[in-house]
Each structure stands twice: as C-alpha cells, then as structure tokens.
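Each residue of the sequence shown is one higher than the one before, starting from 1 at the first, in full-length UniProt numbering.
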Amino acid sequence: MPRLIQVSKGIVKNPLNVTKRKGRSKRHSKKNVDRQYNSFDLHEQSKMSSKSILRNSVLSKVSPIEESIIILERQNKRRRFCKYSRRCLLISAGVLLGTTVVLGLIATGIATSLMSTNTPRTTDTTTTSTGTTTTTDTTTTTTSTSTSTTSQTTTTSSSSSTTSTSSTTSTATTVIIPVPCVATASFTGPSTLKTLSNGVSSYKCYSFNWTATAATHTITFRFRFDSDDWYMDDVSIFDSSANQLIVNGGFEGGTTGTANSRPMANSWSWSGSSCGCCGGVSGSDPKTGSKSWSDGCNGATDTLSQSFSTTIGNTYFISWWLDASGTGSATFSASIA
C-alpha cells in the first residue's frame with residue numbers, strides 16, 4: 001500500500017513513488033521520475049501560499065535516502081535546463097560581444113601600425129639662375145633672376161615611387177640707355193668710328209656700340225671746313241647701367257680760356273693753332289640748350305678730345321649730333337684710342 005504524507009489541509013499520495021512494490025522492476029525509468037517531478041512542481045505552483053510548507057512537510061516525512069534522491073534530481077534538472085535559461089543566454093551573448101570588441105580593437109591597432117610605417121620623406125632642392133640682357137629704345141639692359149624649386153618625395157614601403165614638381169619665379173630689371181638713335185656699327189678697342197668728306201644740311205645723329213680693351217680710352221673729333229663751320233652737340237658715352245661717362249657733352253657746363261678767339265669748353269682738350277680761327281663754344285646753332293661746339297678750321301684740322309675710364313670687356317654706347325652751316329668741301333672724323 002502506498003505511503004501517505006500529511007500536507008496542510010489534505011492527504012496527498014506520495015508523488016515520488018519511491019517505495020518498491022512487489023512484482024515491479026528494480027530499475028526505475030529516469031523519464032518517469034522526471035515526469036513525476038514536473039507534475040509535483042506544477043502542483044506546488046498552484047498553491048503559492050503553501051509551497052514552502054509543502055516542501056518542508058515532504059522532506060520531513062521521507063527517509064534520508066529519499067531526501068538525497070530528491071536533491072540530486074533537482075540539481076540535475078537545473079544543469080539540464082541551464083543552456084535554455086535566460087540567464088545563460090545573456091551570459092553567452094555578453095561573452096560573444098566582448099570577444100568581438102576585443103578582436104576589433106586588435107585589428108585596428110594592426111592597421112594603424114602598418115600605416116605608420118609608410119611615412120613619406122621629402123627632399124627639397126632649390127636652384128637659382130641669373131641672366132643679364134641689355135635693352136633701350138635701341139639698346140636695353142635687362143637683368144632677370146629665375147628661381148626653380150624641385151621637390152622629390154620618396155615613400156618607404158615594399159616598393160618605392162618618386163614624384164617631382166617644379167615652380168619658377170622670375171624677376172626682371174630693365175635699364176633704359178638714353179641713346180638718341182639706333183647704333184649703325186659696333187667696334188672694339190682703338191677704332192675710327194666715323195669719317196665725312198662733305199658737310200650736312202641739318203643736325204644728324206650718329207650712334208655706335210663699342211667694347212673697351214683698356215682701363216682708359218680717349219675719344220677725339222677732328223674738324224676742317226674751309227668756307228663754313230661744323231656744329232656738334234650732345235656728345236655722350238653710356239655704360240650698360242646708363243651711367244654717362246662724358247663730362248659737359250652738351251657744352252652747357254661753362255668755359256675756360258679760349259680756343260682760337262672763341263671760349264674753350266670745360267673738361268675738353270683742344271688743339272689747332274695752325275688754323276688761325278674759329279674753334280670753340282658757340283650759341284649760333286645748338287641742337288639742345290643754348291650752346292654747341294663750333295669749328296671752322298681753314299686749311300688745317302682742329303681736334304677736340306676727352307678721356308674716360310672703362311672696364312675691359314664691357315660694352316659702351318657712343319653718340320653725338322652733327323650739323324654744318326654749308327655743304328661745301330669739308331672733312332670730319334671721330335675715333336677712339
């Protein structure tokens with residue numbers, strides 16, 4: 001006969017059914033035991049107010065062996081159903097999420113380390129070149145400076161590449177040489193620049209380029225006009241920086257003494273005593289200003305000269321204006337020694 005257990009307000013059959021009955025197999029099905037425990041748990045849940053009382057009453061009426069079986073079965077039940085419980089799922093999800101974050105941080109660190117090894121190195125090279133050219137109305141001096149910058153970038157990795165860029169900056173300085181007309185010829189060292197055998201009817205410009213071969217040179221003009229006078233004005237010699245080397249070239253700078261009965265121009269040298277007349281500064285026929293050089297040496301030649309300093313190898317720009325009061329027989333020459 002099955003054992004009875006006193007529970008609160010009634011009598012309940014032993015749900016464990018652990019007492020052996022005659023004729024029943026010694027082996028109990030584990031599945032049947034689980035089913036019986038589940039039924040017992042549902043019955044306990046339906047009576048919430050007396051749940052603890054029922055558990056205590058059951059345990060107080062069973063043998064120690066039965067109590068141990070009950071405890072072991074409950075522990076096995078918890079282990080068996082842990083993988084399906086909400087707590088186990090939350091713990092598993094947390095572990096998976098943490099593992100993902102750690103792996104992501106490791107991957108980011110590796111990528112940053114690889115990128116930092118590919119740091120480019122840049123080498124800059126600057127080249128400066130300077131050129132000089134001369135320009136004017138007819139001759140101009142232009143000084144230009146050109147700066148070229150080249151950048152070379154080399155990237156260090158398993159393979160290397162090179163990129164080049166260049167920029168150019170130019171600065172030009174133009175010097176205007178105030179020569180009055182275009183040069184008709186070029187000379188070097190001692191030379192005869194111009195000769196004439198007849199007078200001219202009005203002022204005419206003569207211009208030449210000339211290269212020095214010594215530290216000092218002298219320009220000399222020779223005049224002869226038996227029946228009339230030559231008139232010369234605005235004599236100039238410029239260097240490549242537009243510096244005037246002739247002093248009192250317009251004959252406006254005063255006089256000292258006389259040249260055959262006429263005033264002698266300052267800073268010039270004159271010779272021609274055999275002519276007997278007519279060489280010196282005059283106000284009769286100037287090209288510009290109020291004065292010019294007048295010379296009408298008869299039967300011989302007058303000379304007018306001036307020395308100036310030069311730099312060997314440099315180019316100079318020489319010019320003057322010339323007129324005559326008639327067109328008869330006359331001679332004129334200009335030379336540098």
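Just so you know, even glycine gets a beta-carbon here, dropped at the ideal spot from N, CA and C.
Under the 10 Å beta carbon count, Ala300 is surrounded by fewer than 16 other beta carbons and is classified as exposed. Apart from the 5 residues on each side of it in sequence, Thr188 sits with its Cβ closer than 6 Å to the Cβ of Thr211 in its chain, given in chain order. Residue pairing for Asp295: DSSP places it in a beta bridge opposite Trp230, Gly279. For the pair of segments examined, the region 219–227 was found to touch the region 305–317: the number of CB pairs separated by less than 8 Å reaches three.
Judged by their CB atoms, Ser333 and Thr213 are not nearer to each other than the 8 Å cut-off. In the DSSP assignment, Ala259 falls within the beta strand (DSSP E) that extends over 255–259. The three-state secondary structure of Leu245, taken from DSSP, is coil.
Residue environment: Ala172 is assigned as exposed (fewer than 16 neighbouring CB atoms within 10 Å of its CB, all protein chains considered). In the three-state DSSP reduction, Ala334 falls in the strand class (E or B). About 5 Å separates the beta carbon of Thr255 from that of Val281, a gap short enough to meet the 8 Å contact definition. By DSSP's assignment, Thr315 forms a beta bridge with Thr211. Rounded to the nearest angstrom, the Cβ distance from Asp234 to Trp321 is 5 Å, consistent with a contact under 8 Å. The C-beta distance from Ile246 to Ser236 rounds to 6 Å, short enough to meet the 8 Å contact threshold. Annotation for Phe251: no beta strand (DSSP E) segment contains it, and DSSP assigns it neither H nor E.
In the DSSP assignment, Pro263 falls within the unbroken beta strand (DSSP E) covering 262–265. The C-alpha of Leu96 lies about 11 Å from the C-alpha of Leu89. Boundaries of the beta strand (DSSP E) around Ser186: 186–188. Taking the CA atoms as reference points, Ala93 sits about 29 Å from Glu73. Val101 is classed as exposed because its beta carbon has fewer than 16 other beta carbons within 10 Å across all chains shown.
Residue pairing from DSSP places Asp302 in a beta bridge opposite Phe223.
The beta-bridge partner set that DSSP reports for Cys181 is empty.
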